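Quick notes on the structure that follows.
There are 2 protein chains.
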Amino acid sequence: MTIATVARRARVSRQTVSNVLNAPHMVREETRERVREAITALGYRANQAARQMRTGRSRLIAVRIEPTRDGVNGSVLDRFLHGLTEAAEDSGYRVMLYTAADPGAEIDAYDSLLGAYDLDAFVLTGTDHGDARTAWLAERDVPFVTFGRPWDNPAETSSPHRAAVPAPHPWVDVDGADGVAQATRRLLDTGHRRIGFLGWPAGSAVGDDRRSGWFTTLRSAGLDPTGLDRAAPDGFTQGEAAARDLLAVAEPPTAIVCASDSLALGALQAVRAPGGWPIGTGGGPEVAITGFDDTPVAQAIGLTSVSQPLAPAAACCMDLLTDVLDGGRRGAADGRHRTDPSLDGGAVRTGGSPTGPGQVLLRPSLVVRQSG
Amino acid sequence: MTIATVARRARVSRQTVSNVLNAPHMVREETRERVREAITALGYRANQAARQMRTGRSRLIAVRIEPTRDGVNGSVLDRFLHGLTEAAEDSGYRVMLYTAADPGAEIDAYDSLLGAYDLDAFVLTGTDHGDARTAWLAERDVPFVTFGRPWDNPAETSSPHRAAVPAPHPWVDVDGADGVAQATRRLLDTGHRRIGFLGWPAGSAVGDDRRSGWFTTLRSAGLDPTGLDRAAPDGFTQGEAAARDLLAVAEPPTAIVCASDSLALGALQAVRAPGGWPIGTGGGPEVAITGFDDTPVAQAIGLTSVSQPLAPAAACCMDLLTDVLDGGRRGAADGRHRTDPSLDGGAVRTGGSPTGPGQVLLRPSLVVRQSG
DNA sequence: TTGTATGCGTTATCAA
DNA sequence: TTGATAACGCATACAA
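Just so you know, the protein sequences line up as chains G and P, in that order.
According to the working numbering, the first sequence is numbered sequentially starting from 665.
According to the working numbering, the second sequence is numbered sequentially starting from 665.
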C-alpha cells in the first residue's frame, strides 16, 4: 500500500495526501478529513525508506553501546540508553546502536554509519579532554549532542599554536562535583572531620571534577584535605587496596567519599572488620563510605551513593536534538510532547548566548543508606 | 556520490557496479577489479535507503529494550543486548531499539515499526507460556528468533478446542534447570543434605523450569524436597521474607538455591547473623546461598551464582537469523565470519527436523564464590 | 487549493 | 558478460 492507494480511496491526488501528512494547513478542512479517514481505514503508514531517500533524513539517531563488559558501573550507560530510547520514541525518533572499542574506532563507525544510513544525529557519551569525536562530527555538520561536558583540554588551550576553541555544541551533563560535594557536606553535618576521597588517577575530566567537589567542600569548611585522598583505576580490588592505604595513615579518615560504586565497594571491604560486615551493625570500626552512580549494587547492599538523573538527562538530550533537527519547532510532527528538563532533574540551563546551542547541567541527588 | 559516480570512473554502467557489489561472480575478473578500485578510491558506500526501497530489506533488526527499571536483574537483558549488537555488526546488520510496557504494547510496536522501517527481523526476549508475540509475527511471516524457548501452554494444549501447536521457530535458550541442578549437585557434593529452593510463584515458565532442576536433583539423590521450597515475587525484600520463612521450619535447610540474584540477596540478608555478614567468615549460622544470573551484584559481594552465556546466546540468535535472512549462505555479503555456537557456550542443538528451524540450548555455568 | 511531472539511488528485467 | 530502462514510494517545484 502506498500513498497512491490512499489517494485513490480519498479521490484526491497523491500530492494532496502528501500535503495532509507534511503540511496539513495547506489542505482544505474537508479534503483533509477525507484523506485522514482513508489513511486510518487503510492503516497506511509512510514508508521511511522512500521518505528518507527524498529528504535525506531518517528519523534515526545513533548511540553507542559499549562492548560487553561486566561490572558494577556498566549499568550507568545502560540506564541512560533506556531513557534515551523512550525519549526518542516520544519525539518520533528511533535509536540505532553501534559499538566501538575506542574513540578512533568510534569515528570509523560514524563514517560507516553515515555512509549507509543517513542518520539524523548522534548521541555521544563519556566525553573527555579534547574529544576528537566532537571535532570530527562538527567538521562535517553532523548534528549531535553529548552526554557529558566538552571538557577543555588544558594542554591544548595553553598552547599558543592554535586557539583550539571547539565550536560550542549542545550538551547535557550531571554535575559530578556537586554530587560529591553533597556527599561530603552530609558527612560534615554528621560530625565527621577527617573525610577521605578515593578517586581515579588525575587526568580524567570526570574524575578530576568529582574530586574537586570533595576538595572545595573540605576547604570551605576550614579543613585541610592534604593527604586524605588516594587514586586508583576503577575497580573493586583497586579500591580496596587504595582504601587500605588511606586507612593506614596516622590519623585515618572516619569517612571516605568515592568516585564510583566500584571503588566504594572495595573501600567497604577494606574497612570491614574481620568476622563482620560493618554496615550499620556496629560490628567493626565505623567508617562511613559513599559511592557514586547509585548502581543496583549500591541499592542491594545499602551503600549511600550519588544518583545521576539519567532518564531526565536522556530526555534533555532528545530535546536538544529536536531543537536542532526540527528547527526549534516545539514537539514532533505528530504532536507528541516535549519533556521539560527543569521539572524532574533540577536542571540548570547555563551559559551560552540565547541563540546558541543548549547546555544543560543537571544536579544529582544523594541517596542515603546504611553505609554512611 | 552514487553508483553512477563509480560507474563513470570505472568506465562501466551502473548495473555492472551493482553486480560487483551484489553478484560479483557475474562480472569478469578484470572489470571487477577496475570497479573495486574505483569504489575504494572514491570511498563509495551503497545508500541503504535506496537499496532498501528497491529490495524491501533494510539490514536492520529490532530488539526491545525494557523501560528504565533499576534492579539487580536488569543487567541480564542489557548484557544480551550488548552481545547482540556486536554479533549483528559482525554479520552486517544493525540493531534498532524499541520499548514496550507489555506484550500487547509490544505487538503494537511491531506493527508500527514494520509499517515504517521494513525491518528484516525481530529478536524477542523473555518468552512465556502461549506467547502472543510469536504467533503475531509468524502469522505475518516476519522473521524472528526468540531468546527463550517457546514454552507450551499446558492449558491450551489440553484444550480440545484447537491443537494450538505453534509453528516451530528458531530459538536460543539457556538451560535454567541444568544451571540450578549444577548448583544443587555441588551443594550435595559439599555435604549438604537439606537444600532448600527459593523461587518465583508457580506459573512462570522460566521459574518453573529452574525449580525443576532443584527438585529432580534432590530426588535422584534419594532426598525428599517436600516442604523445602518457597515462592516469592522477584525482589530483595520478598526474598528475605520467604527465606526467613524457610529457615523457620523445624529442621531448616543448610543451603538455599535461589532462582535469581535478587532473591539470593534477600536470602543472604535473612541468614545474616546479627552483627555480622556470614559470607565465608563463620560469623553466624553457615547457610550456603546460591543465586542465578551472575549479576554484577553477585560478583561484588561474593555470591555463588549460575552464569548464563549471554554473549554466545546473542551470537547464536544472529546466526539463526542470518540462516533465515541470507538463505543459509554462510557469512554476510562482505565476508565477515559467523560465530560457531558450539565453541564458547557448550551449545547443544536439539530436536527438530534437520531442515527445520534451528533450536539451540546453551548450558550455563556455576561460578563458585564465598557464599556457598 | 489541487494536480502533474520529475528525481532521489538502487536493483531487477531484459535485450544486446 | 555488459548495458539500457523501468520501478520502488515519496516529496518538491511548478502549473492549473
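The beta-carbon is built from N, C-alpha and C at its ideal position, and this holds for glycine as well.
Quantities reported herein were computed from a predicted structural model and do not represent experimental measurements.
Asked	Found
Nearest neighbour of residue 987 of chain G, chosen from G/755, G/848 and G/1026 [CA to CA]	G/755
Cross-strand partners of residue 970 of chain P (DSSP beta bridge)	P/956 and P/1030
With 16 other Cβ atoms within 10 Å as the buried cut-off, status of residue 637 of chain P	Only positions 665 to 1036 of chain P appear in the structure, and residue 637 of chain P is not among them; the question remains open.
Through-space distance from residue 710 of chain P to residue 739 of chain P, alpha-carbon basis	36 Å
Any 3 or more C-beta pairs closer than 8 Å across the region 874-894 of chain G and the region 848-856 of chain G	yes
Backbone CA spacing between residue 1022 of chain G and residue 815 of chain G [nearest angstrom]	16 Å
Cβ contact (3+ pairs, closer than 8 Å) linking the region 858-874 of chain P and the region 912-924 of chain P	yes
Chain P within 8 Å of residue 913 of chain G, Cβ atoms only	no
Interface residues of chain P facing residue 693 of chain G [CB-CB closer than 8 Å]	Within 8 Å Cβ-Cβ: nothing; residue 693 of chain G doesn't reach chain P, min ~26 Å.
Proximal residues to residue 716 of chain G (C-beta, below 7 Å), its chain only, five neighbours per side dropped	722 and 782
Any chain P beta carbon closer than 8 Å to residue 900 of chain G	yes
Backbone CA spacing between residue 713 of chain P and residue 955 of chain G [nearest angstrom]	46 Å
Distance, residue 791 of chain G Cα to residue 1026 of chain G Cα	16 Å
Range covered by the alpha helix (DSSP H) that runs through residue 729 of chain G	Here residue 729 of chain G belongs to no alpha helix (DSSP H), and DSSP marks it neither H nor E.
In DSSP terms, what residue 922 of chain P is bridged to	P/862
Any chain G beta carbon closer than 8 Å to residue 738 of chain P	yes
Segment limits, alpha helix (DSSP H) that includes residue 909 of chain G	900-911
Alpha-carbon spacing of residue 776 of chain G relative to residue 677 of chain P, whole angstroms	25 Å
Closest residue to residue 973 of chain P among P/761, P/836 and P/757 (Cα-Cα distance)	P/836
Close Cβ partners of residue 870 of chain P (< 7 Å) along its chain, the five nearest in sequence each way excluded	840
Residue 729 of chain G and residue 748 of chain G closer than 8 Å at C-beta	no
Buried or exposed (CB count within 10 angstroms, at least 16 for buried), residue 784 of chain P	buried
Cβ-Cβ separation, residue 963 of chain G to residue 930 of chain G (assumed contact under 8 Å), whole Å	The pair is not a contact, with the Cβ atoms about 18 Å apart (cut-off 8 Å).
One or two residues paired with residue 744 of chain P in a DSSP bridge	DSSP, once it has assigned bridges, lists no residue as partnering residue 744 of chain P.
Per-residue burial, residue 846 of chain G [other beta carbons within 10 Å of its own, 16 or more giving buried]	buried
Neighbourhood of residue 801 of chain G by C-beta distance below 6 Å, restricted to the same chain and skipping five residues each side	808
Residue 927 of chain G classed as buried or exposed, judged by whether at least 16 other C-beta atoms fall within 10 angstroms	buried
Listed by chain order, chain G residues near residue 781 of chain P by CB distance under 8 Å	712, 713 and 758
Backbone CA spacing between residue 702 of chain P and residue 780 of chain G [nearest angstrom]	18 Å
Any C-beta of chain G under 8 Å from that of residue 950 of chain P	no
Proximal residues to residue 760 of chain P (C-beta, below 6 Å), its chain only, five neighbours per side dropped	724 and 726
Residue burial classification, residue 706 of chain G (beta-carbon count within 10 angstroms, cutoff 16)	exposed
Contact check, residue 925 of chain G vs residue 969 of chain G, beta carbons under 8 Å	yes
Beta-carbon proximity check, residue 909 of chain G vs residue 864 of chain G, cutoff 8 Å	no
Alpha carbon of residue 958 of chain G to alpha carbon of residue 905 of chain P, nearest angstrom	24 Å
Within-8 Å CB hit, residue 716 of chain P to chain G	yes
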